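Read left to right, the sequence shown gives residues 4 to 368 (our numbering). In what follows, a single structure is set out as structure tokens and then discussed.
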Amino acid sequence: MGRINYEGLGFFGTKAIHAGQEPDVATGAVIPAISLSTTFAQTSAGNPISTFDYSRSGNPNRNNFETAVAALEHGRFALAFSSGSAVTAAVTTMVTSGSHIISVNDVYGGTSRYFRKVANRSNIEVDFVDLNDPNNIKGHLKPNTKFVWIETPTNPTLRLVDIKAVADIVHQQPGNPLLLGADIVVHSVTKFINGHSDVVMGIAVTNNEQYFEELKFLQNSSGACPRMKKHEENALEVAKYLENSSFISEVIYPGLPSHKQHNLAKSQMHGFGGMLSFRLKNGNLSSSNKFLQNLKLFTLAESLGGVESLVELPAVMTHAALTAEARNTLGITDSLVRMSVGIEDSVDLINDIASALNAVFVKKD
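This is the structure in structure tokens:
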């Protein structure tokens with residue numbers, strides 16, 4: 004059996020099954036065995052039997068996983084880290100003291116906290132910019148701007164960033180910024196890639212060998228297609244139900260034509276994802292908590308992307324570290340509820356939401 008040419012595989016689902024999953028050359032095992040060893044034998048000093056010497060630097064399972072994700076992202080290199088935040092830290096460490104970073108303002112709460120409270124200790128300046136209009140970036144580019152950090156869709160307001168437009172603008176920047184456009188793709192593997200809420204991991208993918216080598220050093224030094232379709236189908240059904248509910252003032256889901264960036268989502272996304280947010284009509288912290296307490300199938304918890312449905316209140320959970328003024332600017336109000344829609348039956352999920360909404364809005368005789 005010959006080696007698979009991953010670049011020749013045109014479809015995501017096929018790559019997800021085969022990339023990094025070739026039969027073991029020693030045993031013929033179709034699924035790679037779990038590698039538990041922390042260290043690997045050497046034939047002589049400095050000459051390991053295989054490409055592995057110590058598991059912090061790499062092991063067969065991690066190599067398989069990195070190969071798979073690189074293929075899915077059409078990248079040459081991928082590096083797995085202990086968490087998504089660890090990838091953020093590693094990428095930021097690639098720039099030197101006195102550097103400038105631009106970040107989308109509606110960024111994940113943990114990333115915002117890292118940029119504001121950790122990166123600044125290394126004398127790294129970070130500007131948070133509204134990238135709903137990519138041209139907003141032009142007024143913030145500086146000679147010492149080293150990279151632009153974007154998330155799309157953002158969390159929890161599901162705003163999209165036009166990746167190509169931002170990349171085109173940044174490429175016009177004089178000098179040689181460290182990162183231009185989407186030269187490094189970052190995933191929190193904890194979320195939809197894992198899908199079972201039992202792994203904490205992050206991964207970075209790049210086509211640039213220089214970035215790969217530097218991230219590889221930092222990695223060593225610092226120590227699923229059918230499921231996604233079901234997530235997306237369920238999220239769309241839930242979003243449609245909520246949009247027609249008299250108890251909801253706004254539904255934010257890129258798959259709805261009512262989303263302001265629906266056309267952009269269609270042009271740069273393969274699917275619309277399993278995340279949605281909505282606002283309770285005339286809601287406040289009390290009504291939001293009552294709604295959450297009456298849900299049965301949606302578990303109240305942070306994180307997202309598991310097969311089970313989760314719900315959270317960003318204002319007092321994932322984005323509690325932001326000031327009230329910053330939250331209001333981003334639209335993260337006390338009435339904004341974020342849902343990670345799982346792969347349960349959509350009818351059951353909708354019935355659960357309906358019951359919780361009735362508990363809040365329908366007065367009992």
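Here a beta-carbon is modelled for each residue, glycine too, at the ideal position from N, C-alpha and C. Fair warning: this is a prediction, and the values are worked out from it, not measured in the lab.
### Message
I need the boundaries of the alpha helix (DSSP H) containing Leu221, first residue and last residue.
### Response
Glu212 to Ser224
- Message: Is the separation between the beta-carbon of Ile127 and that of Ser106 shorter than 8 Å?
- Response: no
Spatial neighbours of Thr114 within its chain, please: CB distance less than 8 Å, with the 5 preceding and 5 following residues excluded, ordered by chain position. Ser88, Thr91, Ser106, Trp152 and Glu154
If the criterion is Cβ atoms closer than 8 Å, does the pair Phe301 and Asp355 meet it?
yes
- Message: Please return the same chain residues whose Cβ sits closer than 6 Å to the Cβ of Glu76, not counting the five positions on each side in sequence.
- Response: Val188 and Val208
Worksheet item: Pro180 to Thr95, Cα distance in whole Å?
Response: Unreliable placement is indicated for Pro180, whose pLDDT of 34 sits below 50; the coordinate value is still reported in the next sentence. Rounded to the nearest angstrom, the two C-alpha atoms are 13 Å apart.
Give a yes or no on contact between the region 314-322 and the region 280-296, applying the rule of three or more CB pairs nearer than 8 Å. yes
>> Between the alpha carbons of Gly178 and Val98, how many angstroms are there, rounded?
In response: The predicted model places Gly178 with a pLDDT of 44, which falls under 50 and marks its position as unreliable; any figure quoted below should be read in that light. The straight-line gap from Cα to Cα measures roughly 15 Å.
- Close-in-space but distant-in-sequence residues of the same chain around Gly258 (CB under 6 Å, 5 per side omitted): Leu239 and Phe275
Q: Within 10 angstroms of the Cβ of Arg124, are there 16 or more other Cβ atoms? Answer buried if so, exposed if not.
A: exposed
| query | Do the region 64-73 and the region 14-26 meet, that is, are 3 or more Cβ pairs less than 8 Å apart? | reply | yes
(message) Would the region 156-172 count as touching the region 263-278 if we require 3 or more Cβ pairs under 8 Å?
(response) yes
- prompt: For Phe131, which option in Lys232, Phe364 and Leu333 has the closest C-alpha, if you only look at C-alpha atoms?
  reply: Leu333
Could you check where the alpha helix (DSSP H) with Thr209 kicks off and where it finishes?
First-last for Thr209: Gly205 to Thr209, but that is the beta strand (DSSP E), not the alpha helix (DSSP H).
**Prompt:** Are there 16 or more other CB atoms within 10 angstroms of the CB of Ser312, so buried, or fewer, so exposed?
**Reply:** buried
Best match in Phe220, Val241 and Val203 for proximity to Leu279 [C-alpha to C-alpha]:
Val241
Exposed or buried, Glu235, counting other C-beta atoms within 10 Å across all chains shown (16 or more means buried)?
buried
Checklist entry - When burial is assigned at 16 or more other CB atoms within 10 Å of the CB, is Leu182 buried or exposed? => result With a pLDDT of 45 at Leu182, under the threshold of 50, the predicted position of this residue should be treated as unreliable, and no value is reported.
Original post:
Taking contact to mean at least 3 C-beta pairs separated by less than 8 Å, is the region 161-174 in contact with the region 51-63?
Top reply: no
Checklist entry - What residues in its chain sit with their C-beta under 6 Å from that of Val203, if we drop five residues either side in the sequence? => result Ser86 and Thr193
Tell me which same chain residues have a C-beta within less than 6 Å of the C-beta of His103, skipping the five on either side of it? Glu128, Lys145, Asn147 and Thr148
Using CA coordinates, which residue listed in Phe84, Pro35, Ser58 and Tyr256 is at the minimum distance from Ala44? Ser58
Note to self: To test your reading of the DSSP string, which unbroken alpha helix (DSSP H) runs of 4 or more residues are found completely within the region 41-117?
What the structure shows: 63-75 and 87-96
Exercise. Cα-Cα, which of Ala359, His174, Leu298 and Gly309 is closest to Phe250?
Worked result: Ala359
* Nearest candidate by alpha-carbon position, reference Lys243, set Glu328, Ala357 and His273 -> Ala357
Assuming Glu347 and Thr321 are in contact, meaning their beta carbons sit under 8 Å apart, how far apart are those beta carbons, in whole angstroms? Not really, about 22 Å apart at Cβ, beyond 8 Å.
Report task. Measure the alpha-carbon distance for Glu217 versus Tyr117 and round it to whole angstroms. Result -> 20 Å
**Report entry** Proximity winner among Ser191, Val254 and Ala93, relative to Arg341 (alpha-carbon distances)
**Finding:** Val254
* Cβ pair Gly205, Ser224 closer than 8 Å -> no
Are Asn67 and Gly31 touching if we call contact CB-CB under 8 Å?
no
#### Entry: Secondary structure of Met320, DSSP reduced to three states
coil
- Task: For the beta strand (DSSP E) holding Val188, just list the boundary residues, first then last.
- Result: Ile187 to Ser191
Inset, instruction - State the beta-bridge partners of Asp130 as determined by DSSP. - result: Ile105
Next item on the list: Would you give the residue range spanned by the alpha helix (DSSP H) that Phe275 belongs to?
Entry: Counting along the chain, Phe275 falls outside any alpha helix (DSSP H), and DSSP gives it neither H nor E.
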